[in-house]
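Presented below is the structure to which this report refers.
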Amino acid sequence: MKVLLMGHPNVGKSAFFNRLTGANVIESNYPGTTVDYTKGYMRLGKRDVEVIDVPGTFSLEPKDKAEEVAVKMLRENKGAYVICVIDASKIKRGLYLALEIIEEGYPVIIALNMWDVAIDKNVDVDATKLGEILGLPVVPTIAISGEGVSAVISRLEKIAPVQVGDIIKRTGDAAVDARLEPDERWRLIDKISEKTIRFGEYKHTLKDAVGDLTIRPLTGIPVAIAVLYGFWSIFGSFAGLCTDGFLVKIFDGHWLPWLQGVFPGGLGDWLYAIMVDAGHIKNGVLVASDNCFESFGVLTSGLFVPIGVVLPAIFIFYLMLTLLEDVGYMPRLAVLIDTVLHKIGLHGYAIVPSILALGCNVPAVSATRILETKKQRFMMMTLLAVFIPCGAQIGIMQDVIPNSIGFVMLYLFAGYFVFGFILNKVVPGRTPEILMDVPAYQKPTLYNVGRKVWMRTSGFLKVAVPFVLLGSLIVNILYLLGTIDWLGNVLAPMFEGWFGVPKETAGPLVAAFLRKDLAVAQLSAIHMTKYQMISAVVLVSIYFPCIATFALMLKEGGKTFLGSLAVLLAAVFTWGGLLHLLWKLAGVE
Amino acid sequence: MQKSLDKMAYEEEGIVVSIDQDLKQRVAGMGIRVGKRIKMLTKEPLKGPIVIMLGGSETSLGLDVAGKIIVEVQG
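Those protein sequences? They're chains A and B, same order as listed.
For the first sequence, our numbering assigns the number 58 to the initial residue and increments by one for each residue that follows.
For the second sequence, our numbering assigns the number 7 to the initial residue and increments by one for each residue that follows.
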């Protein structure tokens, strides 16, 4: 026996899932968080039963890939028990989905979730009577606080499929046998609603007023600019404060000298060079490094980069993103920005993967599923992998090139739009317009925000730390074997002639395939001009995505991955070369 | 007077009288259907999407999609 949890996006389905299973699932106030399904187990009687959190869908007529996944999962699990989670304040359209599932012959129990919101909005539902007419249990719940969840569990085992014809008869009409058309389904819902739901005067709350102000262009656009600017400046100052004010002192002042003292071998020894400090040549003499950026060791740079620099950046990024998500700002931002993004064939919702990518490209690639067509998903995946630097990389850039980071970001964003514009013209396929629900603002709960930030940050640590350690190990070995120098010499004409960067950039570019943050940190140790540095950082950004993103793009994109690769190569050569040309024209090289 | 949804003025209200057949299925789940009262909440500039209010929920639609929905407005 399996239990499927289904409902519209943003009705508290994942919160409900957590209550059922005790698992940790990220829930957000916009569709697309559960783009893949999540599995867990709940206790039912004496058994452990599999529960699946299905991505949110408005109907069984899917309109994007995430909804397609939802419908496919329902069809693949014939005979599963379905808990249909409905936003009680918007009960009628929730019943639409519930009826569709009932018509498919599944045993259904309805959880009228967000019951407290419905009361606030003067929506009065007679749950008992609704249950009688539908012939199945209808339970008011507030998943966020857990109310009503145990009542759902206790009634779950006894549910059975219902004939839609019987429901129609109970409303007093003559039953039709065939499957219902959308209009017939709505007529039935209106009938049921007359008998069971009373809609009081709709109260226009403060939340609604703020909601209006932030979506109307005259007030909404300035607010959006302020929000994004605030995001950026808090990100920069918090990360800077933690790293420079605190962590650098620990790593450079205590950790590095301590290791240099106790690690066996010493300067010049191969193992010491790999693990602690390769040193550098100064006036013909090999001298020890005095900071963790230049030492390159697995235990020095390899730990300093992810923990000393990137961790604070990732933490503050996810904290702010989670707040924006949980308040419900993202869909409004999507509507405001749709005008611009639609011009390059995407739509407003592309802002979700785009912003997620600023944290980490990996979840962003999954989030492309909220886009409707193959063309849009291909474009989005390619653009974000090529042009959006991840939080780890931005964190390092803040530290290594604090004065030019703004330029690098703008140059990359310009590439995003230029290549988006071109791709939209040359890639075949449809680019449908935006069609989406804009959920009301919500008060974020400390519990949810805390847990989400924790899960995302610890998820980062689990992936990043081993990869950075592995990355520095591999690059150090390649250095010792002379492979990097060889590569640099072979590719020197291209590096120096076309991109205008020193041939030593070869090393960081190898590292970039494993971790972008590590690559930028390694760049900082190479001697070059400010403009060469900008070019090199841009190259690291747009050149191959890190291996984790790479793998997921292959999985999600399938054959279109080759297309992404072609675009990527074109982008590296044109966008990277163009920067060199710009410097030449400006006379700074 | 009847007009398509994208032609409605700010704050104007109307009742849906018809929806293009190919769109009907897609919007039915979101609660957009014939006979439903709709209020235009806002229009984004430069041919951006519109935002409508229906039954307490807000929905955003691109102009071409909105053009396929016809509403009856007062006056």
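Think of the CB as a built atom: it goes at the ideal place given N, C-alpha and C, for glycine as much as any other residue.
Check, Outcome
"If you measure from the beta carbon of R43(B) to each beta carbon in chain A, is any gap under 8 Å?", "no"
"Per DSSP, M63(A) forms a beta bridge with which residues?", "C141(A)"
"With a cut-off of 8 Å, does the C-beta of N261(A) fall near any C-beta of chain B?", "In the sequence as presented, Asn is not what sits at residue 261(A); that position holds His. By this cut-off, H261(A) is not an interface position."
"Terminal residues of the continuous beta strand (DSSP E) containing I291(A)?", "Segment P274 to C299 is the alpha helix (DSSP H) holding I291(A); no beta strand (DSSP E) there."
"Step through the CB atoms of chain B and report whether any lies within less than 8 Å of the CB of E189(A).", "no"
"Quick check on the burial criterion: 16 or more other C-beta atoms within 10 angstroms. Buried or exposed for D144(A)?", "buried"
"Which whole-angstrom value describes the C-beta separation of I458(A) and V594(A), a residue pair presumed to lie in contact below a C-beta threshold of 8 Å?", "6 Å"
"Starting from S63(B), follow its DSSP beta bridges and name the residues at the other end.", "L60(B)"
"May I have the straight-line CA-CA distance separating R212(A) from P194(A), to the nearest angstrom?", "7 Å"
"Going along the chain, which unbroken runs of the beta strand (DSSP E) with 3 or more residues stay wholly within the stretch 467-538 of chain A?", "492-495"
"Hey, is E19(B)'s beta-carbon within less than 8 Å of any beta-carbon in chain A?", "no"
"Listing by chain order, which chain A residues have their CB less than 8 Å from the CB of D70(B)?", "E490"
"Pick helix, strand or coil for F320(A), following the three-state DSSP scheme.", "coil"
"Assign N75(A) to one of three DSSP states: helix, strand, or coil.", "helix"
"Where do the N-terminal and C-terminal ends of the alpha helix (DSSP H) with Q433(A) fall, by residue?", "K431 to F444"
"My output table needs one value for R43(B): the three-state DSSP class, helix, strand or coil.", "strand"
"Just to confirm before moving on: does the CB-CB distance between P559(A) and M585(A) stay below 8 Å?", "yes"
"Y386(A) by DSSP, collapsed to three states: which one?", "coil"
"Could you tell me which residues DSSP puts in a beta bridge with H404(A)?", "The partner list for H404(A) (beta bridge, DSSP) is empty, contrary to what the question assumes."
"Is there contact between the stretch 488-508 of chain A and the stretch 63-81 of chain B, where contact requires at least three CB pairs shorter than 8 Å?", "yes"
"Mapping the DSSP letters down to three states, classify P88(A) as helix, strand or coil.", "With a pLDDT of 49 at P88(A), under the threshold of 50, the predicted position of this residue should be treated as unreliable, though the coordinate-derived value follows. Coil at P88(A), not helix or strand."
"Can you tell me the Cα-Cα spacing of A407(A) and I254(A), whole angstroms?", "37 Å"
"Please state if the CB of I25(B) and the CB of E78(B) are separated by a distance shorter than 8 Å.", "no"
"Measure the C-alpha to C-alpha separation of L625(A) and I373(A) and round it to an integer number of angstroms.", "30 Å"
"Which residues in chain A have a C-beta closer than 7 Å to the C-beta of S63(B)? List them in chain order.", "K147 and D494"
"So R244(A) is in the beta strand (DSSP E); what residue range does that whole segment cover?", "Note, R244(A): premise wrong, no beta strand (DSSP E); alpha helix (DSSP H) at P239 to T253."
"Assign E258(A) to one of two classes, buried (16 or more other C-beta atoms within 10 Å of its C-beta) or exposed (fewer than that).", "exposed"
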